[in-house]
Every structure is written in structure tokens, then in C-alpha cells.
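First comes the structure, then the notes that go with it.
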Amino acid sequence: MSIEQLIDDCKDRDIKAQEQLYKLYAPRLYPVCLKYSRNYVEAQDNLQEGFLLLFDKIHLFSFKGSFEGWAKRLFINYILQQYRTESFLSLVDENIAEEVEVDLEEEEVSMDFLLKIIQELPDRYRLVFNLFVIDGYSHNEIAEMLKINIGTSKSNLSRAKMILKQKIEHNSGTKNIPFVK
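Going by my numbering, the sequence shown wraps up at 1320, each residue one higher than the last.
Here's what the structure looks like:
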């Protein structure tokens, strides 16, 4: 069955088609949930809720562009919506720190360790970091998505980078932190 047929069947609320679409796209959308969530359990909840929303909104997909891109955007917006009502997204002090660079010299940090320390970031920093660095949104787009101003987005990104840099530097000599040589 083609993806177009599968989507059309999901638009008709066909349970078997929904199950097939879930099996096909859950492995692709779970990493999106994981990088925007605080932990694995929250990521799993966001995956389930995201698919419920996807099946509810699938009639809006018009086959312009990729379905996966449309679904990722839907999931990101859903997860961000969970945070929008909370007050942690704005900062009182918007002094923008200098750009932070992380020098890992000859060692590379494992993806598991990076994901762990990114998930440990305060929500406002994690969201801005992921949107800007990983998904490539501009500060204007982030400000609009999170309902914050551009200066706050820049400040949150700078602080996220500073925290990540400190954690990487602090743990670079520790034996129990996984590194890739």
C-alpha cells in the first residue's frame, strides 16, 4: 500500500491504517519527542498524544510537501503548546551573553551523554536550544512559536550553551561518562 493510500485511509478513520501509519512513523517521530521532552517517560506520553492529534488533524494534510515533515512540525507544535502556558519561558533579565563555544579537543561526547545533558537543561533553555541548534529555526520563528521576544530566545540559547559547556568540561575526565574515541 502506498503512503498516499495509507494517509487517505487514515483520513477515513480506518483503524488498521492508523496502526500501520503509527508503526511506520513512530520510530521517526519518537526522537522528536525525546529531544523536546524532559525525560523518556514524557517523550513516550508526547508520542502517544502526538499521534492522537495527528489522526485528528490528518484531514488537513494536503499532500504538499512530505508527510514526515508535516508530522514533525505537528509534534513539535503540540509539545511546545504544553509549555506555552507555563511562565518559565520568559526571563526578567535579557542581557545576552557572548557566544559560547565548546572545545572538545580530541574527544567526542557520545550521543547518549549529549541527549542526557540536553534533557537536564531547564525547559526554557532546552526548547530554544533544540529549536535553534537541532531543528534550524531562527530566533524570530522561535520567539513566535514560544510567545517570547527575540532577545529572550537569544539569551536562552546562550545560557543553554553555557550550561552544556560546563557539564561537558566538568565530566570530560570522569570515567563513568560515555565518550567515543
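For every residue, glycine included, the Cβ atom is placed at its ideal position computed from N, Cα and C.
Limits of the alpha helix (DSSP H) - the one that residue i falls within
{"i": "GLU1259", "result": "Element bounds for GLU1259: n/a, residue is neither H nor E."}
{"i": "LEU1270", "result": "Premise fails: LEU1270 is in no alpha helix (DSSP H) and is neither H nor E."}
{"i": "GLY1290", "result": "1289-1310"}
{"i": "PHE1194", "result": "1179-1196"}
{"i": "LEU1199", "result": "From DSSP, LEU1199 is part of no alpha helix (DSSP H); its letter is neither H nor E."}
{"i": "LYS1211", "result": "1206-1223"}
{"i": "ARG1167", "result": "1154-1175"}
{"i": "MET1284", "result": "1278-1285"}
{"i": "ASP1148", "result": "1142-1150"}
Nearest-angstrom Cα separation, counted from residue j out to residue i
{"i": "ASN1279", "j": "ARG1263", "result": "16 Å"}
{"i": "PHE1200", "j": "GLU1181", "result": "26 Å"}
{"i": "LEU1160", "j": "ALA1282", "result": "32 Å"}
{"i": "ILE1273", "j": "LYS1293", "result": "15 Å"}
{"i": "TRP1209", "j": "ILE1197", "result": "10 Å"}
{"i": "GLU1158", "j": "ASP1148", "result": "11 Å"}
{"i": "SER1141", "j": "LEU1163", "result": "12 Å"}
{"i": "ILE1235", "j": "LEU1296", "result": "Residue confidence is low: ILE1235 scores 44 on pLDDT, short of 50, so the model does not pin down where it sits. Its coordinate-derived value is still stated next. When rounded, the distance between both Cα atoms is 9 Å."}
{"i": "LEU1213", "j": "THR1291", "result": "24 Å"}
{"i": "SER1205", "j": "GLY1189", "result": "17 Å"}
{"i": "ARG1167", "j": "GLN1258", "result": "19 Å"}
{"i": "PHE1271", "j": "ILE1218", "result": "16 Å"}
{"i": "SER1220", "j": "TYR1276", "result": "Looking at the sequence itself, residue 1220 is Gln, so the reference to Ser does not match. Rounded to whole angstroms, GLN1220 to TYR1276 spans 16 Å at the Cα level."}
{"i": "LEU1266", "j": "PHE1194", "result": "25 Å"}
{"i": "ALA1268", "j": "LEU1191", "result": "Per the sequence shown, residue 1268 should be read as Phe rather than Ala. C-alpha separation (whole angstroms): 26 Å."}
{"i": "ASN1216", "j": "HIS1309", "result": "34 Å"}
{"i": "ALA1299", "j": "LEU1260", "result": "7 Å"}
{"i": "CYS1172", "j": "GLU1207", "result": "14 Å"}
{"i": "GLU1143", "j": "GLN1187", "result": "22 Å"}
{"i": "ASP1184", "j": "MET1284", "result": "21 Å"}
{"i": "SER1249", "j": "ILE1146", "result": "37 Å"}
{"i": "ILE1307", "j": "PRO1170", "result": "22 Å"}
{"i": "ALA1165", "j": "LYS1211", "result": "11 Å"}
{"i": "ALA1321", "j": "SER1311", "result": "The question about residue 1321 has no answer, for the chain in this structure spans 1140 to 1320."}
{"i": "LYS1150", "j": "ILE1289", "result": "38 Å"}
Buried versus exposed, by CB contacts within 10 Å (16 or more), residue i
{"i": "PHE1202", "result": "exposed"}
{"i": "ILE1154", "result": "exposed"}
{"i": "LYS1286", "result": "exposed"}
{"i": "ARG1152", "result": "exposed"}
{"i": "TYR1175", "result": "buried"}
{"i": "ASN1178", "result": "exposed"}
{"i": "ARG1223", "result": "exposed"}
Should the stretch 1252-1263 be called in touch with the stretch 1301-1312, which here means at least 3 C-beta pairs below 8 Å? yes
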